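Chemist:
Numbering (the numbering used here), first residue to last: 585 to 1142.
#1: Work out the CA separation of residue 933 and residue 953 for me, nearest whole Å.
#2: Taking 6 Å as the limit between beta carbons, can you name the residues of its chain near residue 943, skipping five residues before and five after?
#3: Return the CA-CA distance between residue 898 and residue 719, expressed in angstroms with no decimal places.
#4: Helix, strand or coil: how does DSSP classify residue 754 here?
#5: Does the count of Cβ pairs from the region 635 to 654 and the region 819 to 832 closer than 8 Å reach three?
#6: Restricting to runs no shorter than 4 residues, where is the alpha helix (DSSP H) found entirely within the region 887 to 949?
#7: Three or more C-beta pairs closer than 8 Å, one from the region 755 to 770 and one from the region 679 to 687: is that the case here?
#8: Nearest-angstrom Cα distance between residue 696 and residue 628?
#9: Report, in whole angstroms, the separation of the C-beta atoms of residue 861 and residue 706, which I expect to be a contact under 8 Å.
#10: In chain order, what residues of the same chain have a beta carbon less than 6 Å from the beta carbon of residue 1065, not counting five sequence neighbours either side?
#11: Please state the DSSP three-state secondary structure of residue 968.
#12: Determine whether the beta carbon atoms of residue 1124 and residue 1007 lie at a separation below 8 Å.
#13: Can you list, in chain order, the residues of its chain whose CB lies under 7 Å from that of residue 1073, leaving out five sequence neighbours each side?
#14: From 815, 865 and 738, pick the residue whose C-alpha is nearest to that of residue 704; which is it?
#15: Could you work out which residue in 988, 891 and 1030 is closest to residue 980 when comparing CA atoms only?
#16: Going by the CB atoms, is the gap between residue 878 and residue 843 shorter than 8 Å?
#17: Hey, residue 1137 and residue 1130: beta-carbon distance below 8 Å or not?
#18: What's the gap between the Cα of residue 769 and the Cα of residue 763?
#19: Kindly indicate which residue of 684, 733 and 689 has the alpha-carbon position closest to the one of residue 710.
#20: Exposed or buried, which one is residue 1117 when buried takes at least 16 other CB atoms within 10 Å?
#21: In chain order, which beta strand (DSSP E) runs of at least 3 residues are fully inside the region 949 to 1027?
#22: Nearest to residue 972 by alpha carbon, out of 873, 846 and 1057?
#23: Mind the definition here: the region 824 to 832 touches the region 1094 to 1104 only if three or more C-beta pairs lie below 8 Å; say whether that holds.
#24: Near residue 635, what residues of its chain come up, given a Cβ to Cβ distance below 6 Å and the 5 sequence neighbours on each side ignored?
#25: For residue 870 and residue 839, which I take to be in contact (beta-carbon distance under 8 Å), what is that distance rounded to the nearest angstrom?
#26: Which value, in whole angstroms, describes the spacing of the CA atoms of residue 735 and residue 1038?
#27: Taking C-beta to C-beta, are residue 795 and residue 726 nearer than 8 Å?
#28: So the beta strand (DSSP E) residue 650 belongs to, where does it begin and stop?
#29: Quick one: give me the first and last residue of the beta strand (DSSP E) that residue 1134 is part of.
#30: Have a look at 665, 660, 623 and 638 and flag the residue whose alpha-carbon is nearest the alpha-carbon of residue 652.
#31: Drop a sphere of 10 angstroms on the beta-carbon of residue 700, count the other beta-carbons inside from all chains shown, and report buried for 16 or more, exposed for fewer.
#32: Pull up the distance between the alpha-carbon of residue 882 and that of residue 1060, whole angstroms please.
#33: Beta-carbon separation of residue 716 and residue 856 under 8 Å?
#34: Give, in chain order, every unbroken run of the alpha helix (DSSP H) that is at least 4 residues long and sits entirely within the region 682 to 719.
#35: For residue 619, count the other beta carbons within 10 Å of its own beta carbon; 16 or more makes it buried, fewer makes it exposed. Which is it?
#36: Ordered along the chain, which non-local residues of its own chain (more than five positions away) have a Cβ less than 7 Å from that of residue 1034?
Spelled out as structure tokens, the structure:
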């Protein structure tokens, strides 16, 4: 902690100018806030931070708030998406360096969305301080013509408008109705999967992942969320005395738990990237084989929009993450300390009280012996198109597309496949292959959620597949296979594909192949010339030079 002893006079004087009085002898708590006016899940975090700071002061600590960047995956579609995954590295570095420079005794991280939560997790792993998280709560559900709407409904409505199912006027009504106010998009995308994971790891308070961001029927911040944030401020000071640091909470067993939880709810495929990156920071290895092994052993217990009609708020109505942990208890390691006190086993045990109060609903979180599917929501595919692996959100794929054979339609960037879809030039049976969108080739491993959702909205999800070395939104549904590795930009097999090549997808068999001999693939790759792509000077150029492969988390410095 800065400000101790004789030589601390300099720091104490400068703290005085910031309004901090007598820092010596009191714990300094860094409040890493990702508030800005650019992201719905973060726009209200300024008020949440105030509640955390009040809790820290009440417990005798000194809260010191600082900010980091936050990008919205939904708003930053298209060209802006090149920057989104790389922003995770900036977030991690900014939180880490601020905490190291100021010598904080503990850390509270305020984050809600796709790259901000994992970036802060990476920083917390590097720092190994007592650390608690507060996520910003769920956006209220929208309503339109008697339907409950969430953000992903807008993307699919674009496809519906293109095929003439709804008018442009109705599309405009949907876009205005689906996002009524602040909070995490009320669908099971990457953001909500990350918030569930935080709570399942014992890093955020029970109920945080499913609390409403705003008060019922109002746009003001939900008092229940503010009370939770105040309690986190108190608990983080107490955690210093307990000596429970981040790496004691997040262990190899924790990571395996989080894969199991993600598999059980059909969570985001982006967790494959983010948990691998977190494992790297912890000095651990978390490969695709572990995802496949745990996925085969974990039944699918829940589905949420867009894979079902239920918004994520229904998980809260069914007892939330504690109830999910209770359901999964036989498959989890629960004798792990939480960051706020006690163990995960105690969190799961308290869900029994909720069950007696009829909060748990077996239609939302199914029992282990009556699952929605016998295996988890994410599958890992391999084959001559993906020797190092690819991933698919199998819980969002219809039975008709679990196996598919069709001709490749090859595109070298997202914009081209989107134009082809909107131009009505996609035929049933096609396999849309989008390459040079990987971590290096993009650069930045853009998510192709918009063309994927347009494909679904146009009614093609039962006849057309999409394959890419880029990634998809956690909320993507349909036969969309991402993270194909090695990526095309480094000479992976996707680089050898040509229009008309026959692609074979067999999700139950976990395979992704093209009907070409090994000799033909090698011959094509010998003739391959990487496409010329101008990368802007600055961080994206640095990222493209130093980022590692998707199957190891797309971490810089790999």
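Every residue, glycine too, gets a C-beta built ideally from N, C-alpha and C. Values in this document were obtained by computation on a predicted structure and should not be read as measured data.
Modeler: On the basis of the data shown:
#1: Computed Cα separation, rounded: 19 Å.
#2: Bear in mind that a pLDDT of 44 at residue 943, under 50, signals an unreliable position, so the model cannot answer this.
#3: When rounded, the distance between both Cα atoms is 18 Å.
#4: Correct three-state label for residue 754: helix.
#5: Judged by Cβ distances under 8 Å, the region 635 to 654 makes contact with the region 819 to 832, as three or more pairs qualify.
#6: Counting only runs of 4 or more residues that sit fully inside the region 887 to 949, the alpha helix (DSSP H) segments are 897 to 901, 904 to 912 and 928 to 940, in chain order.
#7: Taking 8 Å as the limit for Cβ pairs, the verdict is that the region 679 to 687 does not touch the region 755 to 770.
#8: The alpha-carbon atoms of residue 696 and residue 628 are separated by roughly 11 Å.
#9: About 6 Å separates the beta carbon of residue 861 from that of residue 706, a gap short enough to meet the 8 Å contact definition.
#10: Closer than 6 Å at the Cβ level, and outside the excluded window around residue 1065, lie 974, 976 and 1051.
#11: Of the three classes helix, strand and coil, the one that applies to residue 968 here is coil, per DSSP.
#12: In this structure, residue 1124 keeps its C-beta atom at 8 Å or more from the C-beta atom of residue 1007.
#13: Cβ neighbours of residue 1073 within its own chain (closer than 7 Å, five residues either side excluded): 1020, 1022, 1024, 1025 and 1114.
#14: Proximity to residue 704 across 815, 865 and 738 peaks at 865, based on C-alpha coordinates.
#15: In terms of CA proximity to residue 980, 891 leads the group 988, 891 and 1030.
#16: A contact, by the Cβ cut-off of 8 Å.
#17: In this structure, the beta-carbon distance from residue 1137 to residue 1130 does not fall below 8 Å.
#18: Near 8 Å, if we compare the C-alpha coordinates of residue 763 and residue 769.
#19: Cα-wise, what sits closest to residue 710 is 684.
#20: Residue 1117 should be labelled exposed.
#21: Counting only runs of 3 or more, we get 962 to 967, 970 to 977, 987 to 995 and 1015 to 1018.
#22: Comparing Cα positions, the closest option is 873.
#23: Flag = no, the region 824 to 832 and the region 1094 to 1104 do not touch.
#24: Same-chain partners within the cutoff: 810, 813 and 814.
#25: Indeed, because the Cβ distance is near 6 Å, the residues count as touching under 8 Å.
#26: Distance between the alpha carbons of residue 735 and residue 1038: 14 Å.
#27: Between residue 795 and residue 726, the C-beta gap is not smaller than 8 Å, which leaves the two residues out of contact.
#28: Looking at the DSSP string, the run of the beta strand (DSSP E) that includes residue 650 is 646 to 651.
#29: Note, residue 1134: premise wrong, no beta strand (DSSP E); not H, not E.
#30: With distances taken between Cα atoms, residue 652 lies closest to 623.
#31: Classification of residue 700: buried, given that the 10 Å Cβ count is 16 or more.
#32: As the crow flies, the alpha-carbon of residue 882 is around 21 Å from that of residue 1060.
#33: The Cβ-Cβ distance between residue 716 and residue 856 does not fall below 8 Å.
#34: Complete alpha helix (DSSP H) runs here, min 4: 700 to 711.
#35: Under this definition residue 619 is a buried residue.
#36: Here the set comprises 661, 739 and 1002.
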